[in-house]
Amino acid sequence: MERIVLPDGRTLEYLAEGPPGGLPLVLHHGTPSGAVRVPAVFDSAVRHGLRIILASRPGYGGSSPHPGRRVADVAADTAALLDGLGASHFVTVGWSGGGPHALACAALLPGRCVGASVIAGVAPHDAAGLDWLAGMGDENIAEFQAAAQGVRVLDTFLTAMADGLARVSADDVIAAFGDLLSEVDKKALDDGLAGYLAESSRYSVSAGIAGWREDDLAFSSDWGFPLTDVRVPVAVWQGEQDRMVPPAHGHWLAAHVPGAEVHLLPAEGHLSLITGIDEVIDNLLAHTTV
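Residue numbers (this note's numbering): 653 to 942.
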């Protein structure tokens with residue numbers, strides 16, 4: 653784990669792997685999570701000759717909290733991190749709660765971000781014509797209903813949830829995630845994802861709930877940029893068996909991200925999409941010109 657001090661004095665922790673001269677792939681993690689190595693994604697990136705970079709968003713792990721942050725704020729943090737690494741251009745992938753953050757980089761760093769992929773990413777909370785909670789598992793519905801009631805209610809809710817996440821093991825993942833896991837995602841856990849998901853869950857609350865809380869509040873409010881500002885190639889990947897981020901979110905993004913290339917996969921869920929990460933990265937690079 654590495655750390656960098658940002659221009660405003662906050663600390664940002666990150667992982668980096670792959671050839672120093674390789675094109676950076678900035679991976680934005682889900683919610684809750686942090687800078688925990690995703691074996692399938694890291695291995696694929698390195699096979700493609702990329703330098704993969706994964707930072708903990710503010711409030712997670714060793715990254716300083718940033719109360720009141722918006723999704724858009726990730727662009728400045730990413731630019732500062734890349735400056736510190738001596739990198740100019742990059743591509744980005746956002747998984748789940750990382751999806752909006754990848755789109756922020758695509759919209760706000762068009763001179764540096766040359767391509768983006770959104771894997772099961774959430775749509776804006778105020779998206780016209782979208783019932784944002786419809787189709788989500790019970791746990792996510794309760795979480796975002798708490799977020800809608802304000803910081804105090806959300807803090808109480810997440811604090812209670814964090815106690816269980818802090819102790820979850822690979823053997824406990826299916827029980828811990830309950831109604832959020834479709835059958836296809838339960839099967840995907842047999843491919844090694846269970847260990848990652850357990851480690852990521854534990855790490856996500858290792859420094860408390862600040863990162864998780866700020867993610868939820870950021871998703872539930874204005875992202876701080878219009879999707880119409882996206883001018884780089886973007887691919888939207890969505891599984892139709894997803895109970896964490898329902899298919900309607902992917903359908904909405906597909907219709908509203910300018911020029912998006914759309915991959916709606918009937919047999920996939922939320923976690924199972926990662927087993928096809930080679931195809932995602934192949935597609936990303938095929939549309940990238942540096």
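From the three backbone atoms N, C-alpha and C, an ideal C-beta is built for every residue, glycine too.
A quick note: this is a predicted structure, and the numbers were derived from the prediction, not measured.
Look at residue 666 and residue 685 and say whether their C-beta atoms are less than 8 Å apart.
Remark: C-beta atoms of residue 666 and residue 685 do not approach each other more closely than 8 Å.
To the nearest angstrom, how far is the alpha carbon of residue 884 from that of residue 728?
Computed Cα separation, rounded: 18 Å.
In angstroms with no decimal places, state the Cα-to-Cα distance between residue 805 and residue 796.
The alpha-carbon atoms of residue 805 and residue 796 are separated by roughly 11 Å.
Excluding the 5 residues preceding and the 5 following residue 873 in the sequence, name in chain order all residues of the same chain whose CB lies nearer than 8 Å to its CB.
A distance below 8 Å between beta-carbons, with the five flanking residues on each side excluded, links residue 873 to the following residues of its chain, in chain order: 722 and 777.
Best match in 916, 725 and 676 for proximity to residue 664 [C-alpha to C-alpha]:
Taking each of 916, 725 and 676 in turn and checking the Cα distance to residue 664, the smallest one comes out for 725.
Is it the case that the Cβ atoms of residue 837 and residue 903 are separated by a distance below 8 Å?
Not a contact, by the Cβ cut-off of 8 Å.
For residue 747, which option in 770, 818 and 656 has the closest C-alpha, if you only look at C-alpha atoms?
Considering only alpha carbons, the answer is 770.
Among the residues of its own chain, which have a CB less than 6 Å from the CB of residue 863, if the five just before and after it don't count?
Answer for residue 863: 709, 711 and 712, listed in chain order.
Nonlocal neighbours in the same chain, by C-beta distance under 8 Å from residue 669, ignoring five residues either side:
Cβ within range, chain order: 689, 694, 697, 698, 703 and 704.
According to DSSP, is residue 775 part of a helix, a strand, or is it coil?
In the structure shown, residue 775 sits in coil (DSSP, three-state: anything other than H, G, I, E or B).
Can you name the residues that DSSP bridges to residue 666?
654 and 707, per the DSSP bridge assignment.
How far does the alpha helix (DSSP H) with residue 877 in it reach, from first residue to last?
No alpha helix (DSSP H) contains residue 877, which DSSP labels as neither H nor E.
Alpha carbons only, please: which of 707, 692, 714 and 906 is nearest the one belonging to residue 857?
Comparing Cα positions, the closest option is 714.
When you compare the region 738 to 757 with the region 672 to 681, are there three or more beta-carbon pairs, one atom per stretch, that lie closer than 8 Å?
Touching, yes, given that three or more Cβ pairs across the two stretches are closer than 8 Å.
Nearest to residue 752 by CA position, among 779, 732, 764 and 738, is which residue?
Residue 752 has its Cα closest to that of 779, out of 779, 732, 764 and 738.
Can you have a look at residue 750 and say buried or exposed, based on whether 16 or more other CB atoms are within 10 angstroms of its CB?
Around the beta carbon of residue 750, 16 or more other beta carbons sit within 10 angstroms, so the residue counts as buried.
If residue 927 sits next to residue 772, beta carbons under 8 Å apart, how far is it from one beta carbon to the other, in whole angstroms?
Contact check for residue 927 and residue 772: beta-carbon distance about 13 Å, past the 8 Å limit, so the pair fails to qualify.
What does residue 915 pair with, by DSSP beta-bridge criteria?
Residue pairing by DSSP places residue 915 opposite 889 in a beta bridge.
Top-ranked residue by Cα proximity to residue 660, from 671, 687, 706 and 733:
Residue 660 has its Cα closest to that of 733, out of 671, 687, 706 and 733.
The region 779 to 793 in contact with the region 841 to 860 per 3-pair CB rule at 8 Å
No, they do not touch.
Buried versus exposed, by CB contacts within 10 Å (16 or more), residue 931:
Residue 931 sits exposed, since fewer than 16 C-beta atoms from the chains shown fall within 10 Å of its C-beta.
Near residue 915, what residues of its chain come up, given a Cβ to Cβ distance below 6 Å and the 5 sequence neighbours on each side ignored?
Excluding residues up to 5 positions away in sequence, 889 lie with their Cβ nearer than 6 Å to the Cβ of residue 915 in the same chain.
Apart from the five residues just before and just after residue 831, which ones in its own chain have a Cβ nearer than 7 Å to its Cβ?
Within the same chain, and ignoring the five residues on either side of residue 831 in sequence, the residues whose Cβ sits closer than 7 Å to its Cβ are 789, 790, 791 and 895.
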